[in-house]
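Peer 1:
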Amino acid sequence: MNSVEEHILKLQQELAQTKEALAQQIAAGQLAEQKLRESESQFAALLEAIPSPVIAYDPQGLAIFVNDAFVATYGWSKEEVLGRQIDFVPQEEDEKTKEVWRRTFAGEKVLFETKRLTKDGRVLDIHVKSAVFRDQ
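Using my numbering, the first residue of the sequence shown is number -14, and each one after it goes up by one.
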């Protein structure tokens, strides 16, 4: 075997090793994605199972999650709420709600009594527990 053939053989072996290492990395990535999907599914199921209304907002104040209890209590469908700001704070509760938002985003967990409007205009007396959920 001459030096060119030896060089080609060496490159082929390196290519085979690289291909195997890449296949292992792809398999590990696929497994991690599957575990992440399962975890997200379990988290969503947990939030759905909570019997109290739950709503989560993004930093711009748009609803990114509501559970079935929220839908049943307030009357809006998920499609009507998700990706939008919800106008369900009565005017007389506006300042108190803004103060709670400020405290919440400062890192405080706040429990307070307030009122909220339903889709059909009813006023509900509620207790709100607010906290910021941050990705790790």
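All residues carry an ideal CB built from backbone N, CA and C; glycine is no exception.
Since this is a predicted model, take the numbers as computed values, not measurements.
#1: Leaving aside the five residues before and after PRO38 along the sequence, list all residues of the same chain whose C-beta is less than 6 angstroms from its C-beta, in chain order.
#2: Report the rounded CA-to-CA distance for LEU109 versus ILE71, giving the unit in angstroms.
#3: Kindly indicate which three-state DSSP category PHE28 falls into: helix, strand or coil?
#4: Helix or strand or just coil, what does DSSP make of ALA116?
#5: In whole angstroms, what separates the C-alpha of ALA29 from that of GLU93?
#6: I need the boundaries of the alpha helix (DSSP H) containing GLU65, first residue and last residue.
#7: Which word fits ASN52, buried or exposed, when buried means at least 16 other C-beta atoms lie within 10 angstroms of its C-beta?
#8: Measuring alpha carbon to alpha carbon, tell me which residue in VAL95, GLY106 and THR103 is nearest HIS112.
#9: How far does the beta strand (DSSP E) with THR99 in it extend, from its first residue to its last?
#10: Between which two residues does the beta strand (DSSP E) harbouring ALA57 extend?
#11: With a floor of 3 residues, list each beta strand (DSSP E) that falls wholly inside the segment -12 to 53, ordered by position along the chain.
#12: Give the range of the alpha helix (DSSP H) segment to which GLU88 is assigned.
Peer 2: If we stick to the structure as given:
#1: ALA54, PHE55 and THR58
#2: 15 angstroms
#3: helix
#4: coil
#5: 24 angstroms
#6: 63 to 66
#7: buried
#8: VAL95
#9: 95 to 102
#10: No beta strand (DSSP E) holds ALA57; the alpha helix (DSSP H) holding it covers 53 to 59.
#11: 40 to 42 and 48 to 51
#12: Going by the sequence as given, residue 88 is Arg instead of Glu. Here the alpha helix (DSSP H) through ARG88 covers 79 to 90.
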